[in-house]
Amino acid sequence: MGDRTRSGGGDLLPGTLDMLILKTLTRGAMHGYGIAQFIQRASDEVLRVEEGALYPALHRLEVRGWLTSTWGTSEHNRRAKFYRLSALGRRELARESDYWTRVASAVTRLMQTG
Amino acid sequence: MRWLHGLIGVLQRLLAFGRRGRLQDDIDDELAFHLEMRRREHARDGLADADAARVARRQFGNVAALREETRDMWTFPSFDSFVQDVRFAVRTLVKAPGFTAVVVLVLAVGIGANTAIFSLVNAMLVRGLPYTSPERLVLLIGNVKREAVERRGGSYPDFEDWRAQSASFEGMAAYAGIAATVATGEGDPARLPGEAVSASYFSILDEAPAMGRTFRPDEDEAPGRAAVAVIGHALWQDQFSSDPGVVGRTFRLNGDPHEVIGVMPPGFAGVGDNARLWLPFVNAYSADRLDSRGTRWLNALGRLDEGVTLEQAQTELDAISSRLEAAYPDTNEARGVEISPLSVETFGDLRPAVLALMGAVSFVLLIACANVANLLIGRSETRQREIAVRTALGAGRGRLLRQLVTESCVLALAGAAGGVVLARIAVDALVASSPVQFPSFVEPGLDLPVLAFTVGVAMASGVALGLAPVLHTRLVRLGAALKDSSRGSTGGGSRRVRASLVVAEVALAVVLVVGAGLMIRTVSNLAAVDPGFDTESLLTLNLAIPVAPLPASELAAMAQAPGARPPLAVPPRDLLDRLLAVPGVVNAAFSSDRPLQGGGSAVFYAAEGHEVTEAETRPRAYYHRVTPGFFETMGIPIVQGRTFLERELRPDGSSVIVSENVVRRFWPGEDAVGRRISIGSTTLSIVGVVGETLYRSMPANPTADPDLFIPYAETGVQSVILRTAVPPASVVPMVRGVVRDASPDIVVFQMDPIDELVAAQTAQSRFTTWLMGLFAGAALLLAVIGIYGVMSYLVAQRTREFGIRLALGAGRRQILGVVVGSGARLVAVGVVLGTAAAFGLSRLIEAQLFGVSAADPSGLAAVGLLAFVAMVACSVPALRATRVDPIVALRDE
Numbered sequence: 001m002g003d004r005t006r007s008g009g010g011d012l013l014p015g016t017l018d019m020l021i022l023k024t025l026t027r028g029a030m031h032g033y034g035i036a037q038f039i040q041r042a043s044d045e046v047l048r049v050e051e052g053a054l055y056p057a058l059h060r061l062e063v064r065g066w067l068t069s070t071w072g073t074s075e076h077n078r079r080a081k082f083y084r085l086s087a088l089g090r091r092e093l094a095r096e097s098d099y100w101t102r103v104a105s106a107v108t109r110l111m112q113t114g
Numbered sequence: 001m002r003w004l005h006g007l008i009g010v011l012q013r014l015l016a017f018g019r020r021g022r023l024q025d026d027i028d029d030e031l032a033f034h035l036e037m038r039r040r041e042h043a044r045d046g047l048a049d050a051d052a053a054r055v056a057r058r059q060f061g062n063v064a065a066l067r068e069e070t071r072d073m074w075t076f077p078s079f080d081s082f083v084q085d086v087r088f089a090v091r092t093l094v095k096a097p098g099f100t101a102v103v104v105l106v107l108a109v110g111i112g113a114n115t116a117i118f119s120l121v122n123a124m125l126v127r128g129l130p131y132t133s134p135e136r137l138v139l140l141i142g143n144v145k146r147e148a149v150e151r152r153g154g155s156y157p158d159f160e161d162w163r164a165q166s167a168s169f170e171g172m173a174a175y176a177g178i179a180a181t182v183a184t185g186e187g188d189p190a191r192l193p194g195e196a197v198s199a200s201y202f203s204i205l206d207e208a209p210a211m212g213r214t215f216r217p218d219e220d221e222a223p224g225r226a227a228v229a230v231i232g233h234a235l236w237q238d239q240f241s242s243d244p245g246v247v248g249r250t251f252r253l254n255g256d257p258h259e260v261i262g263v264m265p266p267g268f269a270g271v272g273d274n275a276r277l278w279l280p281f282v283n284a285y286s287a288d289r290l291d292s293r294g295t296r297w298l299n300a301l302g303r304l305d306e307g308v309t310l311e312q313a314q315t316e317l318d319a320i321s322s323r324l325e326a327a328y329p330d331t332n333e334a335r336g337v338e339i340s341p342l343s344v345e346t347f348g349d350l351r352p353a354v355l356a357l358m359g360a361v362s363f364v365l366l367i368a369c370a371n372v373a374n375l376l377i378g379r380s381e382t383r384q385r386e387i388a389v390r391t392a393l394g395a396g397r398g399r400l401l402r403q404l405v406t407e408s409c410v411l412a413l414a415g416a417a418g419g420v421v422l423a424r425i426a427v428d429a430l431v432a433s434s435p436v437q438f439p440s441f442v443e444p445g446l447d448l449p450v451l452a453f454t455v456g457v458a459m460a461s462g463v464a465l466g467l468a469p470v471l472h473t474r475l476v477r478l479g480a481a482l483k484d485s486s487r488g489s490t491g492g493g494s495r496r497v498r499a500s501l502v503v504a505e506v507a508l509a510v511v512l513v514v515g516a517g518l519m520i521r522t523v524s525n526l527a528a529v530d531p532g533f534d535t536e537s538l539l540t541l542n543l544a545i546p547v548a549p550l551p552a553s554e555l556a557a558m559a560q561a562p563g564a565r566p567p568l569a570v571p572p573r574d575l576l577d578r579l580l581a582v583p584g585v586v587n588a589a590f591s592s593d594r595p596l597q598g599g600g601s602a603v604f605y606a607a608e609g610h611e612v613t614e615a616e617t618r619p620r621a622y623y624h625r626v627t628p629g630f631f632e633t634m635g636i637p638i639v640q641g642r643t644f645l646e647r648e649l650r651p652d653g654s655s656v657i658v659s660e661n662v663v664r665r666f667w668p669g670e671d672a673v674g675r676r677i678s679i680g681s682t683t684l685s686i687v688g689v690v691g692e693t694l695y696r697s698m699p700a701n702p703t704a705d706p707d708l709f710i711p712y713a714e715t716g717v718q719s720v721i722l723r724t725a726v727p728p729a730s731v732v733p734m735v736r737g738v739v740r741d742a743s744p745d746i747v748v749f750q751m752d753p754i755d756e757l758v759a760a761q762t763a764q765s766r767f768t769t770w771l772m773g774l775f776a777g778a779a780l781l782l783a784v785i786g787i788y789g790v791m792s793y794l795v796a797q798r799t800r801e802f803g804i805r806l807a808l809g810a811g812r813r814q815i816l817g818v819v820v821g822s823g824a825r826l827v828a829v830g831v832v833l834g835t836a837a838a839f840g841l842s843r844l845i846e847a848q849l850f851g852v853s854a855a856d857p858s859g860l861a862a863v864g865l866l867a868f869v870a871m872v873a874c875s876v877p878a879l880r881a882t883r884v885d886p887i888v889a890l891r892d893e
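Chain order of the listed sequences is B and H.
Under my numbering, residues 1 to 114 are what the first sequence spells out, in order.
Under my numbering, residues 1 to 893 are what the second sequence spells out, in order.
As structure tokens, this is what we get:
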């Protein structure tokens, strides 16, 4: 199942969506829409998160215990589900971002060789 | 760390399962919120409301699919495919009804038998005693160190010292079995078993009365303080018409008025498991008896303090025993106490028997599984093409494996369902027909642990069975099946798996058959034991004759001093004459104790001219008071001298008749008549010598001590032995009639033909043997079916080869040799392995054996039988092989 949705990140590299969500949530509790908006804006519109991938990913991370969620009220006074990073999620993020840094720099080095 | 994530995931999903409805609503809300935010975004960008909503929706894609996908995160993904697998398995199995029926039936028998036996194990060893914290309950059993340490019971002064000086116990109570005549005015007076118990007895067991109260400590302090009794539920129903106001009612107990102070709840029958009523301990015995340190008959029940081990308590009691030995050397030399858990004392000899049966029955299941595995392998071979097609169409290996395991699990669970039905019937039949008396609170039933066991066994069998064909398809290349024709596609792998299954079946069957052989030898040895008297056509009964109406004080004196002679309502000798006049009765005698009840009283004696003073070897004997006709009635040979004369029948008579071992020990080869022995200060002269008997217990007396017979003296309670010319049971009604005619107040109890008592002594061996034989028979049958199946298969596989051989001029005898030889090799390997295992395992049932060692040659005979039957099973397919028509075999490709 994980394999099915992990790669569904649209313009994203497979497997990076989870990491981006975790990273985004280090800023504090956010609802799904907010997460999508943030990723888009923070990446200067380079990364676009599709709803079709975002929600399964959020719920998957919640099931794993990396996120916790609470229902709260949005800025427009509507009932919304807010996600928060858990201790487990924080540890996972550290692991994934380490890995990402190593892979990304390796890829970069490779691409820069004549 | 990973495992933790997995665990959290499982827990989250399980929690989510509990609130499926909420979860769906939440997801809908969440997605609706997102949609709304998008719509606002577009509206802000200047789109009209309707357009904004439409664009937002389009951007969102398929909402239904997204909903579904998101929700799936919270479910077990394999569950769906599991349901699919089960459906598919059921469909496939239904399409092969014959195969399915055979497999389910075989498994049902195997699993059912296991369930039935496990329900016994569960009732006895898992559920155990029906008391609070039963592991802290112990018995304190007084013993004496002779050549071996013998259990003798304790005296009341000893008990009081144990209780006063020990610190290991939360409580300690004396108890002893009694029999009492109960007359409530409703129905006939009855002689009933009961217990004399210390006041703390009930609180130690943590048993509260259903009505009223139990004894107060002051009621157990001095004899006669209070004439009170606690009655059991059954007695309350039978003799008190379930009177709700029974507390406070008075009834006659051994003729004395007693007050009912409490009624115990149903099912409670005391530690002895047969008590119908309870008396304060000190009220049941004479002051003399309670004061005598050398008169040992009681046991003590104790509850260990929390945290105290058996060893600690034993060490403490050993120290107390040494102190008592030093203080009272006359009575306490070599005397000790053994502390034994109550559960061991209650289930003692049943425990190893039941465990042996559990082992045996699990072997039967293993053999059944081996057979089913064979069938499944055969089936998977015919399904090679189906499996290959599914592989080609993209079914993963894991998925296929899961499918096969699911299929066999469905089979095993169907078998388990059938097994539970069979077990239900079997358990009831088992308990009803069992010659063994199980403790009354043991109610083997199909409760939750038993059902859990059954499902567990079924699932284990299912998984193992599912993997069997896989194990072998792993050896046969899956792909090969597609290209190949349906025949001859299996290689040596399959044959090897099948061959090892046959070896295993034979080995397991050998173990069971050898075990059953040893048990059968045991039973026949037991049946061949000569008790030294003629057990045929003997009826024994006990009589309780009340005294002629007298003041209660004299009545109590009678019950407490066996030597005294209060006038009885009917002179016992008159009664004996009346019994002798019953048609069919040819001889009658009194004895102070009933045969085969371990009874009689032990006394130390000294043979004139042979002073032995060491406690270990000091001569001891069991004495019985008998009438002159006793030896003739019992069929005990008089070796020297004569039986008693009428004039010798006096309480203070000085004649004694000894059993042969007394003479062998002290006057071997001499005439012992006229020799004297002394018991305490009394000197007795020997008038006769009789054959050694197993009068007290079979197949062996509890101790090897000889018996002494002294002249009968009138007592209120005695045993009658009747020799009949007709089946003993047929005179029972007339015997009762004669006694009732003499006096309606006389109670007849424990009336049994002696051969039934003999049978009861060997009941457990026969029960174990019967079941063991049944299991061995089932194992043998299953193993033979298995061998036959595999040999038939091998012959079918090699039909072509045999055809060619025959065509090339091989003789039919040769073909026969090849097939039988290959079968014989398997059987031989199985027999060797099985014999080795049987030799090792039979040590486990050594305690159940009598007169036969674990290495008895009867085991060999059993193995021979098995090998023979196995070879017959081989030869049928072998003969078929010789009848192969070469032309047909070769054309049939």
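Even for Gly, the Cβ is constructed at its ideal location relative to N, Cα and C.
(message) So H/L139 and H/N299 are supposed to be a Cβ contact under 8 Å. How far apart are they, rounded?
(response) Counted from its first residue, the second sequence places residue 139 of chain H at position 139. Counted from its first residue, the second sequence places residue 299 of chain H at position 299. Right, their Cβ atoms sit about 6 Å apart.
(message) Just to confirm before moving on: does the CB-CB distance between H/L575 and H/E714 stay below 8 Å?
(response) In the second sequence, counting from the first residue as 1, residue 575 of chain H sits at position 575. In the second sequence, counting from the first residue as 1, residue 714 of chain H sits at position 714. No.
(request) Determine the extent of the beta strand (DSSP E) in which H/D733 is found, giving its start and end residues. (result) Position 733 of the second sequence, counted from the start, is the residue given in the question as residue 733 of chain H. According to the sequence shown, residue 733 of chain H is Pro rather than Asp. Element bounds for H/P733: not the beta strand (DSSP E) but the alpha helix (DSSP H), V732 to A742.
(request) Taking only the alpha-carbon atoms, compute the straight-line gap between H/L478 and B/T70 and give it to the nearest angstrom. (result) On the second sequence, residue 478 of chain H is found 478 positions in, with the first residue counted as 1. On the first sequence, residue 70 of chain B is found 70 positions in, with the first residue counted as 1. With a pLDDT of 47 at H/L478, under the threshold of 50, the modelled position of that residue is not reliable, and the figure given next carries that caveat. Those two C-alpha atoms are separated by around 52 Å.
(request) List in chain order: all unbroken beta strand (DSSP E) runs of 3+ residues lying wholly within the region 743-768 of chain H. (result) 747-753
(request) Check H/D593 in the structure and name its three-state DSSP category. (result) For the purposes of this step, residue 593 of chain H is taken as residue 593 along the second sequence, with counting starting at 1. Looking at H/D593 - three-state DSSP - the assignment turns out to be coil, as it is neither helix nor strand.
(request) Pick helix, strand or coil for H/D349, following the three-state DSSP scheme. (result) Counted from its first residue, the second sequence places residue 349 of chain H at position 349. Looking at H/D349 - three-state DSSP - the assignment turns out to be coil, as it is neither helix nor strand.
(message) Since H/A423 and H/S119 should fall inside the 8 Å C-beta cutoff, what is the C-beta to C-beta distance between them, to a whole number of angstroms?
(response) As a position in the second sequence, residue 423 of chain H is number 423, starting the count at 1. As a position in the second sequence, residue 119 of chain H is number 119, starting the count at 1. Yes, they are in contact, since the Cβ atoms of H/A423 and H/S119 sit about 7 Å apart, within 8 Å.
(message) Short of 8 Å Cβ to Cβ, which residues in the region 21-35 of chain B face chain H?
(response) H31, G32 and Y33
(message) Determine, for B/A94, whether the minimum Cβ-Cβ distance to residues of chain H falls below 8 Å.
(response) Here residue 94 of chain B corresponds to residue number 94 of the first sequence, with the count starting at 1. It does not; no Cβ of chain H falls within 8 Å.
(message) Can you tell me whether B/D3 is buried or exposed? The criterion is at least 16 other CB atoms within 10 Å of its CB, across all chains shown.
(response) For the purposes of this step, residue 3 of chain B is identified with residue 3 of the first sequence, where counting begins at 1. Annotation note: pLDDT 37 at B/D3 (below 50); position unreliable, coordinate value reported separately. Counting Cβ neighbours within 10 Å, B/D3 comes out exposed, since fewer than 16 surround it.
(request) Determine the burial state of B/K81: buried for a count of at least 16 other Cβ atoms within 10 Å of its Cβ, exposed for fewer. (result) Looking up residue 81 of chain B in the first sequence gives position 81. Flag for B/K81 reads buried.
(request) Tell me, please, whether the CB atom of B/E51 is closer than 8 Å to any CB atom in chain H? (result) As a working mapping, residue 51 of chain B is identified with position 51 in the first sequence. Cβ-Cβ to chain H under 8 Å: yes for B/E51.
(message) Residues of chain C with CB closer than 7 Å to the CB of B/Y83, please, in chain order.
(response) This model lacks chain C altogether, as its protein chains are B and H.
(message) Strictly under 8 Å for the Cβ-Cβ distance: is H/R57 near chain B by that measure?
(response) Translated into positions along the second sequence, residue 57 of chain H becomes position 57. Output row for H/R57: interface = no.
(message) Using 8 Å as the threshold, is the C-beta distance between H/R293 and H/A183 below it?
(response) Numbered from 1 along the second sequence, position 293 holds the residue referred to as residue 293 of chain H. Numbered from 1 along the second sequence, position 183 holds the residue referred to as residue 183 of chain H. Cβ atoms of H/R293 and H/A183: not closer than 8 Å.
(request) Would you check if the distance between the CB atom of H/A167 and the CB atom of H/L279 is smaller than 8 Å? (result) Within the second sequence, numbered from 1, the residue matching residue 167 of chain H stands at position 167. Within the second sequence, numbered from 1, the residue matching residue 279 of chain H stands at position 279. Against a cut-off of 8 Å, the Cβ pair of H/L279 and H/A167 comes out as no contact.
(request) Counting only the same chain and skipping the five closest in sequence on each side, list residues whose C-beta sits under 6 Å from that of H/S93. (result) Here residue 93 of chain H refers to the residue found at position 93 when the second sequence is read from its first residue. Note on residue identity: the sequence assigns Leu, not Ser, to residue 93 of chain H. Cβ within range, chain order: T100.
(request) Specify the secondary structure class of H/F709 as computed by DSSP and reduced to three states. (result) Counting from 1 along the second sequence, the entry for residue 709 of chain H is found at position 709. Here H/F709 sits in strand by DSSP.
(request) Determine the direct distance from the alpha carbon of H/V687 to that of H/R642, and round the result to whole angstroms. (result) Position 642 of the second sequence holds residue 642 of chain H. Position 687 of the second sequence holds residue 687 of chain H. The alpha-carbon atoms of H/R642 and H/V687 are separated by roughly 6 Å.
(message) Quick check on H/T490: buried or exposed, where buried means 16 or more other Cβ atoms within 10 Å of its Cβ?
(response) Residue 490 of chain H sits at position 490 when you count from the first residue of the second sequence. For H/T490, the predicted model reports a pLDDT of 47, less than 50, meaning its position is unreliable; a value from the coordinates is still stated below. By the 10 Å Cβ count, H/T490 comes out buried.
(request) Using a Cβ cut-off of 9 Å, pull out every chain B residue sitting near H/F894, in sequence order please. (result) Residue coverage of chain H in this structure runs from 1 to 893, which leaves residue 894 of chain H outside it and unanswerable.
(message) Would the region 760-780 of chain H count as touching the region 507-527 of chain H if we require 3 or more Cβ pairs under 8 Å?
(response) yes
(message) Distance check for H/P571 and H/A548, CA to CA, integer angstroms please.
(response) Position 548 of the second sequence, counting from 1, holds the residue named residue 548 of chain H. Position 571 of the second sequence, counting from 1, holds the residue named residue 571 of chain H. Each residue's Cα considered, the two are about 10 Å apart.
(message) Please report the distance separating the alpha-carbon of H/P341 from that of H/S321.
(response) Along the second sequence, one-based indexing puts residue 341 of chain H at 341. Along the second sequence, one-based indexing puts residue 321 of chain H at 321. In a straight line, the C-alpha of H/P341 is about 19 Å away from that of H/S321.
(request) Using the Cα positions of H/A234 and H/P266, report the straight-line distance between them to the nearest angstrom. (result) One-based indexing of the second sequence puts residue 234 of chain H at position 234. One-based indexing of the second sequence puts residue 266 of chain H at position 266. About 7 Å.
(message) Please report the straight-line C-alpha distance between H/T331 and H/A227, rounded to a whole angstrom.
(response) As a position in the second sequence, residue 331 of chain H is number 331, starting the count at 1. As a position in the second sequence, residue 227 of chain H is number 227, starting the count at 1. When rounded, the distance between both Cα atoms is 31 Å.
(message) Which residues of the region 26-52 of chain H have a Cβ closer than 8 Å to any Cβ of chain B? Give them in chain order.
(response) D26, I27, D29, E30, L31, F33, H34, E36, M37, R38 and R40
(request) Would you check if the region 832-840 of chain H and the region 743-754 of chain H touch, i.e. whether three or more CB-CB distances between them fall below 8 Å? (result) no
(request) Classify B/M111 as buried or exposed, calling it buried when 16 or more other Cβ atoms lie within 10 Å of its own Cβ. (result) As a working mapping, residue 111 of chain B is identified with position 111 in the first sequence. Burial call: exposed.
(request) Pair every Cβ in the region 579-591 of chain H with every Cβ in the region 725-737 of chain H, then say whether three or more of these pairs are closer than 8 Å. (result) yes
(message) Is the beta carbon of B/V63 closer than 8 Å to that of H/M73?
(response) If you number the second sequence from 1, residue 73 of chain H lands on position 73. If you number the first sequence from 1, residue 63 of chain B lands on position 63. It is a contact, given that the beta carbons lie within the stated cut-off.
(message) To the nearest angstrom, how far is the alpha carbon of H/Y156 from that of H/N542?
(response) To locate residue 156 of chain H, count along the second sequence from 1; it is residue 156. To locate residue 542 of chain H, count along the second sequence from 1; it is residue 542. Roughly 27 Å separates the two Cα atoms.
(request) Could you name the residues of the same chain whose beta carbon sits closer than 6 Å to that of H/P886, not counting the 5 residues immediately before and after it, in chain order? (result) The residue labelled residue 886 of chain H in the question sits at position 886 within the second sequence. Cβ within range, chain order: G803, L806 and A807.
(message) Would you say H/S489 lies against chain B (beta-carbon separation less than 8 Å)?
(response) Here residue 489 of chain H corresponds to residue number 489 of the second sequence, with the count starting at 1. With a pLDDT of 41 at H/S489, under the threshold of 50, the modelled position of this residue cannot be trusted; read the value that follows with caution. For H/S489, the answer is no, since every Cβ of chain B falls outside 8 Å of its Cβ.
(message) Looking at chain H, is there any beta carbon in it that lies within less than 8 Å of the beta carbon of B/V63?
(response) As a first step, residue 63 of chain B is located in the first sequence; it is residue number 63 there, counting from the start. It does: the Cβ of B/V63 has a partner Cβ on chain H nearer than 8 Å.
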